[in-house]
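For the sequence shown, the numbering used here assigns the number 7 to the initial residue and increments by one for each residue that follows.
No residue lacks a Cβ here, since even glycine has one placed at the ideal position from N, Cα and C.
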Amino acid sequence: MRLRSQGLAAGDLRCYHSRMSQFFVLVIVVFTALSVVAETAGSGQGAGLSSASAATGMSQMPRCFDEAKDLEEIQAVQKANRKSAHKYDGYRKLFEKAALSDDEILSRLIYAEVVAGGCGKKDSLNAITPITEVIVNRVAKRGGDIRSVVFERDQFASSLNIYSESAYEHFLCPKNSEIWQKVVQVANDLRSGRQKAEMPTDTVHYYLFQHSTRFQPPGWTKTFSPSGQVGSESGLCVVAYSNPQWK
């Protein structure tokens with residue numbers, strides 16, 4: 007009886023060990039699967055946070071370049087290259103050193119041109135879209151080369167040349183968050199196709215009629231076809247023009 011009992015007990019023990027081994031294998035498989043799911047979910051959350059952070063970064067105010075030595079260098083370069091394609095290399099070098107993106111440089115120019123327009127508050131906000139469309143159209147015609155458009159000599163003198171009415175300080179240091187955020191949004195939406203352009207793609211000029219009383223409208227404001235305009239509270243402010251021949 008003892009041997010039989012011991013034999014039964016040993017059999018039961020082997021069965022018990024077999025079942026326990028199967029149980030532990032199952033637990034390990036389930037735990038591994040859950041770990042993979044958790045890791046994947048964690049990666050997704052990280053990507054979401056990164057995207058959110060990037061979006062938030064686009065709406066933050068950009069860096070200010072307001073040190074005297076930087077402005078002195080920009081002025082010196084402009085003075086030495088008044089008739090040269092290198093006129094704005096002072097800005098170029100400053101922005102390259104700070105590793106500014108092309109998108110930010112584009113937004114800085116649009117922002118400064120809106121300020122240079124000298125419109126009232128409402129008209130300034132309304133001027134963002136036509137000014138952006140003109141500059142974005144130029145970028146598209148240049149194969150996406152933002153810097154060749156921004157730094158082309160005297161094309162955006164109202165924001166890059168240094169004189170009393172110029173918005174060069176706003177190009178270097180945007181401060182109005184309402185205008186900046188709308189500029190960034192409109193520029194991104196137009197370039198991505200999320201926002202439909204209001205003017206033809208050959209609209210590549212505009213004139214800022216309220217910029218300065220010292221300057222008279224150039225001849226092309228009478229020869230090119232108007233594509234759109236902004237002005238109400240401050241009189242005629244910005245008029246955009248088409249020029250199919252522009253390159």
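Reduced DSSP category for residue i - H, G, I as helix; E, B as strand; rest coil
| i | result |
| --- | --- |
| THR207 | coil |
| GLU139 | helix |
| GLN81 | helix |
| GLN187 | helix |
| SER248 | strand |
| TYR169 | coil |
| LEU242 | strand |
Cβ neighbours of residue i in the same chain (closer than 8 Å, five flanking residues each side left out)
| i | result |
| --- | --- |
| TYR212 | PRO136, ILE137, VAL140, VAL244, VAL245, ALA246 and TYR247 |
| VAL120 | SER130, ALA133, ILE134, ILE137, ILE185 and VAL189 |
| PRO223 | TYR213 and PHE215 |
| GLU204 | THR135, PRO136, GLU139 and GLY234 |
Same chain, Cβ closer than 6 Å to residue i, neighbours up to 5 away in sequence not counted
| i | result |
| --- | --- |
| ASP108 | ILE152 |
| VAL156 | ILE111 and LEU115 |
| SER218 | GLU171 |
Segment limits, alpha helix (DSSP H) that includes residue i
| i | result |
| --- | --- |
| SER113 | 108-122 |
| GLY234 | Not the alpha helix (DSSP H): GLY234 falls in the beta strand (DSSP E), residues 231-238. |
| ARG153 | 152-156 |
| PHE177 | 174-178 |
Proximal residues to residue i (C-beta, below 7 Å), its chain only, five neighbours per side dropped
| i | result |
| --- | --- |
| GLN201 | VAL192 and ASP195 |
| TYR97 | ILE80, PHE157 and LEU166 |
Continuous beta strand (DSSP E) stretch holding residue i: start and end
| i | result |
| --- | --- |
| GLY96 | Where GLY96 is concerned, there is no enclosing beta strand (DSSP E), although the alpha helix (DSSP H) it sits in stretches over 95-103. |
Of the residues the options, the one placed nearest residue i, counting alpha carbons only
| i | options | result |
| --- | --- | --- |
| VAL210 | PHE221, HIS176 and PHE162 | PHE162 |
| LYS128 | LEU178, ASN249, GLN251 and LEU242 | LEU242 |
| LYS228 | CYS179, LEU178, ARG220 and ASN249 | ASN249 |
| ALA122 | ASP208, SER238, SER113 and PHE177 | PHE177 |
| PRO206 | GLY234, GLY225 and GLY199 | GLY234 |
| VAL236 | HIS92, GLY126, TYR94 and ASP72 | GLY126 |
Inter-residue CB distance, residue i and residue j (contact presumed, cutoff 8 Å)
| i | j | result |
| --- | --- | --- |
| SER164 | SER172 | 6 Å |
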